[in-house]
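Only one structure is covered here, and it is reproduced in the block below.
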Amino acid sequence: MSFDYFNYKSNNKVQKGSILFSQPLMRDKNFSRSVILICEHNKQGSLGYKLNNKIDTEMIKNFDDK
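Each residue of the sequence shown is one higher than the one before, counting from 15 in our numbering.
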């Protein structure tokens, strides 16, 4: 029995507190080899933090304190 990495389907629901692991062959430079912690997930979208990469400090300056 072989496993098809390109057609993997999960029954797990994404929700606040979920941890997502990128697919091994993902080529997107933003998400390749990433581990993401989901902090918010609703009808408007999702917000997560990349746990295994350093963040650009210039990017942090763009966030408003709320």
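By construction, the Cβ of each residue, glycine as well, lies at the ideal position given by its N, Cα and C atoms.
Label residue i either buried or exposed according to how many other C-beta atoms from any shown protein chain fall within 10 Å of its C-beta, with 16 as the threshold for buried.
{"i": "I33", "result": "exposed"}
Anyone know if the C-beta pair for residue i and residue j falls short of 9 Å?
{"i": "S60", "j": "S48", "result": "no"}
{"i": "K30", "j": "I50", "result": "no"}
On the DSSP letters alone, give me the boundaries of the beta strand (DSSP E) that residue i sits inside.
{"i": "L61", "result": "G59 to K64"}
Check your understanding: Enumerated in chain order, which unbroken segments of the alpha helix (DSSP H) with a length of 4 residues or greater are wholly contained in the stretch 24-49?
Key -> none
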